[in-house]
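So in our numbering, spot 209 of the sequence shown is number 243, and the numbers just go up one at a time.
Heads up, the beta-carbon is just placed ideally off N, CA and C, and yes, glycines get one too.
So the structure is just underneath, and the comments pick up after that.
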Amino acid sequence: MVEVNLLVRYPRAKRNVKARLGNKAENRAIAMKFDKEYFDGTREQGYGGYSYDGRWVPIAEDILRHFNLKPGDRVLDVGCGKGFLVKDLMKVCPGLEVFGLDISEYAVMNCEPEVIGRVHLGNATHLPFPDNSFQAVLSINTAHNLDRAGCVQALQEMERLAPGKGYVQVDAYRNPAEKQIFLDWVLTARTYGTPQFWVDLLREAGYTGDYYWTILETDPE
Ligand SMILES: C[S@@+](CC[C@H](N)C(=O)[O-])C[C@H]1O[C@@H](n2cnc3c(N)ncnc32)[C@H](O)[C@@H]1O
C-alpha cells in the first residue's frame, strides 16, 4: 500500500467557495441524487457542466505506467461518471479492456459514445465481477460519497477484484483551514477526515492497493 498521486497532471480546479454557501442543504440534497443537476446543472449543485475535454489523457498515461498495464489487461473504474477516464485509458493503450461502473443512471445514459457497453450502472459496494478478475481497479473521488460502512465495503470490493492493485483517491484535509474550505465546498461526501483517518480506514478494510487525497484549495483570484 503506497501513497502516490496519480492525478499529479490533473488541472487545478477553480473553486469559488463563497458561491456555494447559500442554499447549502437544498443544493446538497439535489447533488446527492447524482442526476442531471449534479453533472450538467449549476456549479452550486455540482460540476456546472461535465463534458469531455481530454484532461484525463495524461492521468491515463500515468496509470498505465504505474500498474504496468498492457493490451488485453482488464481495468475497472468505480464511480466512472460519464466514462472519460475509461475512454482515455483505451485511447492511450489500444487493446486495454477498460470498464466503468457508476451509481448515476444519468451519467451512464450520457456516457461518451466510445464507452457505451463498457460503462454500467451499479454500486461501489457490490461490484458484479469475479474475484481477482482485473489487473487494476481505480476509484477516483467516489468512495467518500458512501457512509463509513459503505466505504469499507467498497474498498473490500476493490481489493477482491484486484488484490494489491487498487488506486483510490478521496477528499481529505490536513488542518483546520483546509477542513473549513472542505466543509464550505462539499456537496456529496458522507465520509471524510484527515489522511491518517483514511489510512486507518483503508487498513480496517484490508485494502492493500495505493491511494491519494484530494485536498481542496480556494480560487486564488
Ligand atoms: C466526484 S464524481 C467523480 C467522477 C470521476 N471518477 C471523476 O473523477 O471525474 C463522483 C462519482 O461517483 C459516483 N458515485 C457516487 N456514489 C456511488 C456509489 N455508491 N457507487 C458508484 N458510484 C457512485 C457519482 O455518480 C459520480 O459519478
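Task: For L41, three-class secondary structure by DSSP - done: Working through the sequence shown from its first residue, we reach residue 41 at position 7. Three-state result, L41: coil.
Open item on the list: Classify Q79: buried if its beta carbon has 16 or more other beta carbons within 10 angstroms, exposed otherwise.
Closed with: Taking the first residue of the sequence shown as position 1, residue 79 is located at position 45. Q79 is buried by the Cβ-count criterion.
Open item on the list: For K58, tell me which candidate among F68, T159, L221, F101 has the shortest Cα-Cα distance.
Closed with: Within the sequence shown, the letter at position 24 stands for residue 58. Among F68, T159, L221, F101, the Cα nearest to that of K58 belongs to L221.
Task: L155 classed as buried or exposed, judged by whether at least 16 other C-beta atoms fall within 10 angstroms - done: The residue you call residue 155 lines up with position 121 of the sequence shown. It is exposed - the Cβ of L155 has fewer than 16 other Cβ atoms within 10 Å.
Open item on the list: Using a Cβ-Cβ cutoff of less than 8 Å, which residues in the same chain neighbour T76 once the five nearest sequence positions on both sides are dropped?
Closed with: For this step, residue 76 is matched to residue 42 along the sequence shown. If we look at T76 and ignore the five residues flanking it on each side, its Cβ neighbours are G82.
TODO: Grab me the residues of R46's own chain with a C-beta within less than 8 Å of its C-beta, minus the 5 sequence neighbours each way, in chain order.
DONE: For the purposes of this step, residue 46 is taken as the residue at position 12 of the sequence shown. So the list reads E251, once near-sequence residues are dropped.
Open item on the list: For V204, list the residues DSSP reports as bridge partners.
Closed with: Along the sequence shown, one-based indexing puts residue 204 at 170. Its beta-bridge partners are W247.
Open item on the list: For ligand 1, I want to know if S85 counts as a neighbour, meaning its beta carbon is within less than 8 Å of at least one of the ligand's heavy atoms.
Closed with: Looking up residue 85 in the sequence shown gives position 51. Answer for S85: no, Cβ out of range of ligand 1.
TODO: Please work out which residues of its chain come closer than 7 Å, Cβ to Cβ, to E255, disregarding the five sequence neighbours upstream and downstream, and give them in chain order.
DONE: Numbered from its first residue, the sequence shown carries residue 255 at position 221. Because E255 sits at a pLDDT of 49, beneath the cut-off of 50, its placement in the model cannot be relied upon, and the following sentence gives the value as read from the coordinates. Nothing meets the Cβ criterion.
- [ ] State the start and end residues of the unbroken beta strand (DSSP E) segment that holds A177.
- [x] Along the sequence shown, one-based indexing puts residue 177 at 143. From DSSP, A177 is part of no beta strand (DSSP E); its letter is neither H nor E.
- [ ] Determine the direct distance from the alpha carbon of A183 to that of P92, and round the result to whole angstroms.
- [x] Here the question's residue 92 lines up with position 58 in the sequence shown. Here the question's residue 183 lines up with position 149 in the sequence shown. If I take the Cα positions, the gap works out to 33 Å.
Open item on the list: Mapping the DSSP letters down to three states, classify R224 as helix, strand or coil.
Closed with: Here the question's residue 224 lines up with position 190 in the sequence shown. Three-state DSSP puts R224 in coil, outside helix and strand.
- [ ] From the DSSP output, in three-state form, read off L318 for me.
- [x] Limits of the chain in this structure are 35 at one end and 255 at the other, which puts residue 318 out of reach.
- [ ] Examine the Cβ distances between the segment 198 to 211 and the segment 126 to 143 and report whether three or more of them are shorter than 8 Å.
- [x] no
Task: Cα-Cα separation between T159 and L41, rounded to whole angstroms - done: Here residue 159 refers to the residue found at position 125 of the sequence shown. Here residue 41 refers to the residue found at position 7 of the sequence shown. Roughly 24 Å between the two C-alpha positions.
- [ ] Can you tell me which of the three DSSP states E146 falls into?
- [x] By 1-based counting over the sequence shown, the position of residue 146 is 112. Correct three-state label for E146: coil.
Open item on the list: Can you determine whether any heavy atom of ligand 1 sits closer than 8 Å to the C-beta of N157, and answer yes or no?
Closed with: Taking the sequence shown and counting its residues from 1, one reaches residue 157 at position 123. Yes, ligand 1 has a heavy atom inside 8 Å of this Cβ.
Task: Counterpart residues of H154 in DSSP-defined beta bridges - done: On the sequence shown, residue 154 is found 120 positions in, with the first residue counted as 1. In the DSSP output, where bridge partners are listed per residue, H154 has L135.
TODO: Have a look at V204, L217, Q214, D218 and flag the residue whose alpha-carbon is nearest the alpha-carbon of Q230.
DONE: For the purposes of this step, residue 230 is taken as the residue at position 196 of the sequence shown. Residue V204 is the option with its Cα nearest to Q230.
Open item on the list: Let's test the definition: count the other Cβ atoms within 10 Å of the Cβ of E37 and tell me whether it reaches 16, buried, or not, exposed.
Closed with: Locating residue 37 in the sequence shown gives position 3, counting from the first residue. The residue in question, E37, is exposed, as its Cβ has fewer than 16 Cβ neighbours within 10 Å.
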